[in-house]
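*Asks:* Just so you know, we're using the working numbering here: the sequence shown kicks off at 241 and counts up by one. Note that CB positions come from ideal geometry on N, CA and C, so glycine has one too.
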Amino acid sequence: MSDNQTNEQNTPGKISAQNPESIQPSAGNCPQCGTPVNMPSHASHCSLHAPHPYSDPDEINLLEYIYVLVKHKWWIIGATIAGLAIGYVAALVKGPTWTATAVIAPKESDKAAPNVSGFGAFGGIVASQLGLGGNASLEKIDVVLGSRKFNAAMIEKYDLMPLVLNEVAPEAYEEKWDENAGAWNDPKDTLETVRIAGALPANYLERNIDKNGTMSIKVSSGDSTFSHTMMNAYVEFLNFYLKDMIETDANENVRYLDAKLVTVTDPLLREKFQGLIANEV
241 MSDNQTNEQN TPGKISAQNP ESIQPSAGNC PQCGTPVNMP SHASHCSLHA
291 PHPYSDPDEI NLLEYIYVLV KHKWWIIGAT IAGLAIGYVA ALVKGPTWTA
341 TAVIAPKESD KAAPNVSGFG AFGGIVASQL GLGGNASLEK IDVVLGSRKF
391 NAAMIEKYDL MPLVLNEVAP EAYEEKWDEN AGAWNDPKDT LETVRIAGAL
441 PANYLERNID KNGTMSIKVS SGDSTFSHTM MNAYVEFLNF YLKDMIETDA
491 NENVRYLDAK LVTVTDPLLR EKFQGLIANE V
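#1: Tell me whether residue 399 sits in a helix, a strand or coil according to DSSP, three-state version.
#2: Following the continuous alpha helix (DSSP H) through residue 443, name the residue where it begins and the one where it ends.
#3: In terms of residues, what are the limits of the beta strand (DSSP E) holding residue 339?
#4: Using 8 Å as the threshold, is the C-beta distance between residue 407 and residue 466 below it?
#5: Mind checking residue 324: buried by the 16 CB within 10 Å criterion, or exposed?
#6: Could you tell me the alpha carbon to alpha carbon distance between residue 400 and residue 456, rounded to whole angstroms?
#7: Classify residue 310: buried if its beta carbon has 16 or more other beta carbons within 10 angstroms, exposed otherwise.
#8: Could you check which residue in 382, 498, 422 and 304 has the C-alpha nearest to that of residue 446?
#9: By the three-class DSSP mapping on this structure, what secondary structure does residue 380 have?
#10: Using a Cβ-Cβ cutoff of less than 7 Å, which residues in the same chain neighbour residue 344 once the five nearest sequence positions on both sides are dropped?
#11: Give the range of the alpha helix (DSSP H) segment to which residue 313 is assigned.
#12: Is the separation between the beta-carbon of residue 437 and that of residue 392 shorter than 8 Å?
#13: Where DSSP assigns a beta bridge to residue 418, which residues make up the other side?
Structure (C-alpha cells):
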C-alpha cells in the first residue's frame, strides 16, 4: 500500500473511493453523507437537511384532514342519521303549523290638525290635554293588540272561550267543557278570562310594523280552525274597538272644551274653541 492511500484512509471526514462501506460516521457526522453536521455548507449540499424550495410552515395539508374524516366516517354517518331521525320524530310529534295573516293600514285622517297657536295662554293647555282630530297610529294599534283587556273583550264578545281554552289549556278544557252538550259542566264556574287571554299575544299572535306604513299580524297554531277563527275575530274586533276608542276620546275632548269655553270671554278665543269642538264632532 502506498503512502497516499494510507493518508486518504486515515484522514477523518473523507470517504474512500475504494471501500466506502469501511467509513463509519462519527456521532457529529451526517448519517447520509458522513460530513460534520455543524459545517455551514452541509445543509446546502445534503438532501436530508436541505430545505424544500416550496415548503411553507403555514401550509395546510388537506390529506391530514381527509384522513381524520375517513378514520371517523362511521361516527359522522351515525351522528347524521341520528339527527335526521330526531328531527323527523319531532316533526311528527309537533305536527304542521297553520298561520293566518292579515295586513293593517291605518286610515288617513280626513280632518286637518287644528292650529292651537292662536289660543294664547290656553294653547299649551289644549295641546297637552287633547289628542285632537287623529286616528289610531300603528304604535297604538300594536299596544291594543298586545293588551289583555282587548283580548279578553274579544273572547267574550265572540264567545271564543271554548276554542281558546282548548288551545291554551287542553286539560282544563276537557275538565270544564262538555263537547256533546256544547256547554260548561258547571255554569257557575267562572274562568279567569283576562289571564287566559294573556296567552294569545304572548304565544299565538305575532305583530310586525313594516317600513311601508302597515302592520302585519299573524296567528299561528297547530289547529287550522283556531288560526282562521282568531284572525277573523282580531280584524273585526280591532275595527270595532278602535272606532269606539276614537269616539270615546272625541267625547272626552268635547266635554273638556265645553268646560273651558265657559271660562272664556274673548269672542275670538270662543270662536276658536267652538271650531275645535266642531272638529271633534
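*Replies:* This is what the structure holds:
#1: Three-state result, residue 399: coil.
#2: Residue 443 -> alpha helix (DSSP H) spans 439-443.
#3: Counting along the chain, the beta strand (DSSP E) containing residue 339 begins and ends at 338-344.
#4: Their beta carbons are under 8 Å apart, which means residue 407 touches residue 466 by this criterion.
#5: Residue environment: residue 324 is assigned as exposed (fewer than 16 neighbouring CB atoms within 10 Å of its CB, all protein chains considered).
#6: In a straight line, the C-alpha of residue 400 is about 23 Å away from that of residue 456.
#7: Flag for residue 310 reads exposed.
#8: Looking at the Cα atoms, 382 is the closest of the given residues.
#9: In the three-state DSSP reduction, residue 380 falls in the helix class (H, G or I).
#10: Correct list, in chain order: 381, 454, 455 and 457.
#11: Per DSSP, residue 313 belongs to the alpha helix (DSSP H) from 313-334.
#12: Against a cut-off of 8 Å, the Cβ pair of residue 392 and residue 437 comes out as a contact.
#13: Answer is 423.
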